[in-house]
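My numbering numbers the first residue of the sequence shown as 3 and each following residue consecutively. Every residue, glycine too, gets a C-beta built ideally from N, C-alpha and C. Everything below concerns the one structure shown next.
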Amino acid sequence: MKDNHATRYIIFILLGVIVLAVGIFGIDDNLKTIAGLCIGIGAGLIGMNVANLIMNLYYKKHPAIKKQSDIESKDERTVAITNKAKAKAFDIMIRILIVIPFLMILIDLPLWMILATVALYVFGFCVQIYLTIRYSEEM
Numbered sequence: 003m004k005d006n007h008a009t010r011y012i013i014f015i016l017l018g019v020i021v022l023a024v025g026i027f028g029i030d031d032n033l034k035t036i037a038g039l040c041i042g043i044g045a046g047l048i049g050m051n052v053a054n055l056i057m058n059l060y061y062k063k064h065p066a067i068k069k070q071s072d073i074e075s076k077d078e079r080t081v082a083i084t085n086k087a088k089a090k091a092f093d094i095m096i097r098i099l100i101v102i103p104f105l106m107i108l109i110d111l112p113l114w115m116i117l118a119t120v121a122l123y124v125f126g127f128c129v130q131i132y133l134t135i136r137y138s139e140e141m
């Protein structure tokens, strides 16, 4: 099973190399946006999967550390701290999303961009309300 994970990481590394190479060498200069996307996606795939592969190999050599890491990641205190940090980050993001449309108006951006930003704010707020209702019924 773990070898299957390593194989998957290697496949995604190779896919990342291919996408990166296509972005660098295979796309015409007229399509610089697509080339940039390919470079970014390829580099991201390579970096993420190299890190996962290294961690996988490290945990194979040190199973006690893997076991301790698994226990810590499922610990109630760790989960509570992580959830509190996510909630605080969401609160900060919502406050920032309130200010951004006004800045966009000041720099005279198109209306659709401003409305898209407002829609993100409304979407986040609606998800928060939905989850609050759902969790209050469950608990």
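- For T9, the closest alpha carbon among the candidates L55, I26 and D30 is that of L55.
- Our two residues, I100 and I12, have alpha carbons roughly 42 Å apart in a direct line.
- In this model, E74 and G28 are separated by some 45 Å (Cα to Cα).
- In the DSSP annotation of this structure, the continuous segment of the alpha helix (DSSP H) that includes M115 starts and ends at L113 to E140.
- When rounded, the separation of the alpha-carbon atoms in A23 and H7 is 24 Å.
- A Cβ-Cβ contact shorter than 9 Å links L17 with L47.
- Taking the Cα of I41 as reference, the smallest distance to any Cα among M106, I20 and T134 is reached at I20.
- With fewer than 16 other Cβ atoms inside 10 Å of its own Cβ, G49 counts as exposed.
- In this structure the segment 122 to 135 touches the segment 84 to 99; the number of beta carbon pairs closer than 8 Å is three or more.
- As the crow flies, the alpha-carbon of L122 is around 29 Å from that of T80.
- In this chain, the alpha helix (DSSP H) harbouring V52 covers K34 to K63.
- Residue nearest to A37 within the set I43, G25 and K86 is G25 (criterion: CA-CA distance).
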